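To start, the structure under review is shown below, and the notes come after it.
Number of protein chains: 2
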Amino acid sequence: MAIHDTIPDRIELVEVGPRDGLQNEKVLIETADKLALVGRAIAAGARRIEVTSFVNPRRVPQMADADAVCAGLPERDDVAYIGLVLNARGAERAIATGRIDQLGAVCVATDAFAIANQGQTSDESAEAAMEIVAMAKAAGLSGQVTIAASFGCPFAGRVEEARVIELAARLAAAGPVEIAIADTIGCGNPAQAARLVAGVRQVAPGLPVRVHFHNTRGSGLANVWAAVLAGASVVDASIGGIGGCPFAPGAAGNVASEDVVYMLERAGVATGIDLPEIIAASQWLGGIMGRTLPGMAARAPLFPQAIEGA
Amino acid sequence: MAIHDTIPDRIELVEVGPRDGLQNEKVLIETADKLALVGRAIAAGARRIEVTSFVNPRRVPQMADADAVCAGLPERDDVAYIGLVLNARGAERAIATGRIDQLGAVCVATDAFAIANQGQTSDESAEAAMEIVAMAKAAGLSGQVTIAASFGCPFAGRVEEARVIELAARLAAAGPVEIAIADTIGCGNPAQAARLVAGVRQVAPGLPVRVHFHNTRGSGLANVWAAVLAGASVVDASIGGIGGCPFAPGAAGNVASEDVVYMLERAGVATGIDLPEIIAASQWLGGIMGRTLPGMAARAPLFPQAIEGA
Numbered sequence: 033m034a035i036h037d038t039i040p041d042r043i044e045l046v047e048v049g050p051r052d053g054l055q056n057e058k059v060l061i062e063t064a065d066k067l068a069l070v071g072r073a074i075a076a077g078a079r080r081i082e083v084t085s086f087v088n089p090r091r092v093p094q095m096a097d098a099d100a101v102c103a104g105l106p107e108r109d110d111v112a113y114i115g116l117v118l119n120a121r122g123a124e125r126a127i128a129t130g131r132i133d134q135l136g137a138v139c140v141a142t143d144a145f146a147i148a149n150q151g152q153t154s155d156e157s158a159e160a161a162m163e164i165v166a167m168a169k170a171a172g173l174s175g176q177v178t179i180a181a182s183f184g185c186p187f188a189g190r191v192e193e194a195r196v197i198e199l200a201a202r203l204a205a206a207g208p209v210e211i212a213i214a215d216t217i218g219c220g221n222p223a224q225a226a227r228l229v230a231g232v233r234q235v236a237p238g239l240p241v242r243v244h245f246h247n248t249r250g251s252g253l254a255n256v257w258a259a260v261l262a263g264a265s266v267v268d269a270s271i272g273g274i275g276g277c278p279f280a281p282g283a284a285g286n287v288a289s290e291d292v293v294y295m296l297e298r299a300g301v302a303t304g305i306d307l308p309e310i311i312a313a314s315q316w317l318g319g320i321m322g323r324t325l326p327g328m329a330a331r332a333p334l335f336p337q338a339i340e341g342a
Numbered sequence: 033m034a035i036h037d038t039i040p041d042r043i044e045l046v047e048v049g050p051r052d053g054l055q056n057e058k059v060l061i062e063t064a065d066k067l068a069l070v071g072r073a074i075a076a077g078a079r080r081i082e083v084t085s086f087v088n089p090r091r092v093p094q095m096a097d098a099d100a101v102c103a104g105l106p107e108r109d110d111v112a113y114i115g116l117v118l119n120a121r122g123a124e125r126a127i128a129t130g131r132i133d134q135l136g137a138v139c140v141a142t143d144a145f146a147i148a149n150q151g152q153t154s155d156e157s158a159e160a161a162m163e164i165v166a167m168a169k170a171a172g173l174s175g176q177v178t179i180a181a182s183f184g185c186p187f188a189g190r191v192e193e194a195r196v197i198e199l200a201a202r203l204a205a206a207g208p209v210e211i212a213i214a215d216t217i218g219c220g221n222p223a224q225a226a227r228l229v230a231g232v233r234q235v236a237p238g239l240p241v242r243v244h245f246h247n248t249r250g251s252g253l254a255n256v257w258a259a260v261l262a263g264a265s266v267v268d269a270s271i272g273g274i275g276g277c278p279f280a281p282g283a284a285g286n287v288a289s290e291d292v293v294y295m296l297e298r299a300g301v302a303t304g305i306d307l308p309e310i311i312a313a314s315q316w317l318g319g320i321m322g323r324t325l326p327g328m329a330a331r332a333p334l335f336p337q338a339i340e341g342a
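In the order they appear, the protein sequences are chains E and S.
Here the first sequence stands for residues 33 to 342, where the numbers follow the numbering used here.
Here the second sequence stands for residues 33 to 342, where the numbers follow the numbering used here.
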């Protein structure tokens, strides 16, 4: 298989730590700490941040303070705040805060995962995602859609790439700002990442492709690299590499923002993020969480120093 | 920058856990456990294994049992055992064991690191490496050369790619089985990996390129992926991702064999290694070492099951 790819000049990083990163943490994080995390992400240069989700607080207790988080967000014209929603009710709640700029909708690639995660079939999840994008636009906001389990399903196993691409084509018609393919359980590989990105770009020409990887089996950054070379222009990442998935036991977190920034900036791909600042944010977050976070770059010296200044 | 690369059908994995992996472990590992590690690597499919080094035991106490390790190696015609040596005296010791198939020599890309590591300039280290390859061939063995600090130096900082490529061209004349570029301190990025592999291949046509990455800042597997696509045909890795560098504080280990095998096999690149066996070896080694090892794939379920059987 031949790959004909180009290293882009820049990508956009979406900081998903406050939502996807924290969502499955058993210890409830104070709202003030979540807002401090958002503030540190902004200080490091993040301009799109997934700040919370509007879901059933009994199912996701960590996100029960969604309204309080929104009320405390810094007022910044240059930062887009994303709220994850799974249905019309969640979309209404997010819109009502007056502080969310973009609704994040989730379409699941397989029936089994869609039923377990949000009580609907894969097709139904696509319909719901399209409705959410329409609601966002009607409210003067924008919408994004993530195709979960695009690389593999904890219940169904292998996921046909054609299914993911077909869903992407359908979802593109709703007019989201982008389509994302997500490796929800961290089982993907870089060849698959390159193929899926290329496939989505083909059926949705002109629409940006976002990628969302978990580093469960160590391939997260390789998948980011392959996806970016294949034309993905937006990358999800979480400070410290926090995050997980309730349906993927043992799953490690999202790719760490600081690791993605290290790799891409050193490879000549601008991210808009300041490396020392995002490393400092990760180290601060490790203190808040009281544990060593999965991200690697924040545990290594910013080293060798001479390279830093060069 | 455009990349025109091909995913190869297969690569060769060199298991470096018994030497580079263990070298800087403070707790001395029993010779029997080292031999069990070699046995497990062979059982998983490894056919080239860096088993020990013949260096000053006062400087590297973990390798003081080099002769005992060699005496205990399984007699296998289909497995090549590599012994690392830094000078003629070490080469003589390795040859005298009668059990080493290949001498591994190290040339360091910068003067500062070469002086700290082996008390000679970079050029002198190249001369020494060429002498070692010649000694190996004269004894009926083969020799390999690794260019250390190819991606950055803890003392000198940035390393000019032209310097690495010039060294590779010079070393190729000695007739090693391959030239390796090593990211000794784990600061490299995938664009650099692709450029260096392409550069070495250009000046040493027909000679295989081996790559050696540490996952210090999370980019290890991305570097492997980029290098393999650029034509590197041999990849160093250590079971569990053990290993480090005394001159790189905080440095994480080599890329983990099980993570490399997971990524490459799933991407369609054969490694000759059985994934469940190498994962089991990593889990066993974690028990021996008494700690959680850096490798990720051995900590995640071999999951989803349906993908395994597909």
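In this text, a Cβ means the ideal position worked out from N, Cα and C, and glycines have one as well.
No experiment lies behind these values; they were computed from the predicted model shown.
> For the putative contact between Ala78/S and Glu57/S, defined by C-beta atoms under 8 Å, what is the C-beta separation to the nearest angstrom?
Replying inline: Going by Cβ atoms, the distance from Ala78/S to Glu57/S rounds to 20 Å, so no, they are not a contact pair.
> If Ala284/S and His246/S are in contact, beta carbons under 8 Å, what's the gap, nearest whole angstrom?
Replying inline: Contact flag correct, Cβ pair sits at about 6 Å.
> Does the region 145–154 of chain S touch the region 124–136 of chain S, meaning 3 or more C-beta pairs lie closer than 8 Å?
Replying inline: Three or more Cβ pairs closer than 8 Å define a contact, and the region 124–136 of chain S falls short of that threshold against the region 145–154 of chain S.
> Of all the CB atoms in chain E, is at least one closer than 8 Å to the CB of Ala329/S?
Replying inline: Closer than 8 Å to some Cβ of chain E, the Cβ of Ala329/S qualifies, so yes.
>> Using the three-state DSSP reduction, which class does Val243/E fall into: helix, strand or coil?
In response: If DSSP states are grouped into helix, strand and coil, Val243/E belongs with the strands.
>> With the cut-off set at 8 Å, would you say Ile179/E and Val165/E are in Cβ contact?
In response: No.
> Considering Ala137/S, what are the terminal residues of the alpha helix (DSSP H) in which it resides?
Replying inline: In the DSSP annotation of this structure, Ala137/S is not part of any alpha helix (DSSP H); the continuous beta strand (DSSP E) holding it starts and ends at 134–140.
> Using the beta-carbon of each residue, which ones in chain E are nearer than 7 Å to Leu253/S?
Replying inline: Result: Gly250, Ser251, Leu253, Ala254.
> Hey, is Ile39/S's beta-carbon within less than 8 Å of any beta-carbon in chain E?
Replying inline: Chain E contact via Cβ: present.
> Nearest chain S C-beta to Asp65/E closer than 8 Å, yes or no?
Replying inline: Not one chain S Cβ lies under 8 Å of Asp65/E.
> Straight-line CA distance for Gly282/S to Val177/S?
Replying inline: Bear in mind that the predicted position of Gly282/S carries a pLDDT of just 49, short of 50, making it too unreliable to give a figure here.
> So, helix, strand or coil for Cys102/S, using DSSP?
Replying inline: DSSP places Cys102/S in the helix class (H, G or I) of the three-state scheme.
>> Against chain E, does Asn56/S count as a neighbour if the rule is that its beta carbon must be under 8 Å from one of theirs?
In response: Chain E, which has no Cβ nearer than 8 Å to the Cβ of Asn56/S, makes this no.
> In terms of DSSP beta bridges, what is Leu45/E paired with?
Replying inline: Looking at the DSSP assignment, Leu45/E forms a beta bridge with Val267/E.
> Which residues bound the beta strand (DSSP E) around Phe145/E?
Replying inline: Phe145/E -> not in any beta strand (DSSP E); alpha helix (DSSP H) instead, spanning 143–150.
> So, does the CB of Tyr294/E fall closer than 8 Å to a CB anywhere in chain S?
Replying inline: Any Cβ of chain S closer than 8 Å to the Cβ of Tyr294/E would place that residue at the interface, and such an atom is present.
> Where does Asp97/E land, buried or exposed, given buried means 16+ other C-beta within 10 angstroms?
Replying inline: Residue burial is scored here from C-beta neighbours: Asp97/E has at least 16 other C-beta atoms within 10 angstroms and is therefore classed as buried.
>> Using the Cβ count rule (16 or more neighbours within 10 Å means buried), how would you classify Arg131/S?
In response: When all chains shown are included, Arg131/S counts as buried.
>> For Pro222/E, which residues in the same chain have their Cβ closer than 6 Å to its Cβ, ignoring the five residues on either side in sequence?
In response: Excluding positions up to five away in sequence, the list reads Ala254, Asn255, Ala258.
> Is the distance from the Cβ of Val292/E to the Cβ of Leu45/E below 8 Å?
Replying inline: Less than 8 Å separates the beta-carbon of Val292/E from that of Leu45/E.
> Closest by CA to Ala330/E, which one among Ile311/E, Trp316/E, Arg51/E?
Replying inline: It is Ile311/E.
> Quick one: does Gly275/E have its CB under 8 Å from some CB of chain S?
Replying inline: Output row for Gly275/E: interface = no.
>> How far does the beta strand (DSSP E) with Gln315/S in it extend, from its first residue to its last?
In response: No beta strand (DSSP E) holds Gln315/S; the alpha helix (DSSP H) holding it covers 307–321.
>> Strictly below 7 Å CB to CB, what residues from chain S border Asn286/E?
In response: Those within 7 Å of Asn286/E in chain S number zero; the least Cβ separation is about 12 Å.
>> Between Ile74/E and Pro106/E, how many whole angstroms is the CB-CB distance? I'm expecting something under 8 Å.
In response: Correct: roughly 6 Å between the Cβ atoms.
>> Per DSSP, what are the beta-bridge partners of Phe86/S in this structure?
In response: According to DSSP, Phe86/S bridges with Val117/S.
> Which parts of the region 152–219 of chain E are runs of the beta strand (DSSP E), unbroken and 3 residues or longer, counting only runs that do not cross its ends?
Replying inline: With a minimum length of 3 residues, the continuous beta strand (DSSP E) runs that stay inside the region 152–219 of chain E are 174–180, 211–215.
>> Assuming Gln94/E is part of the alpha helix (DSSP H), what are its boundary residues?
In response: For Gln94/E, no alpha helix (DSSP H) segment is defined, and its DSSP state is neither H nor E.
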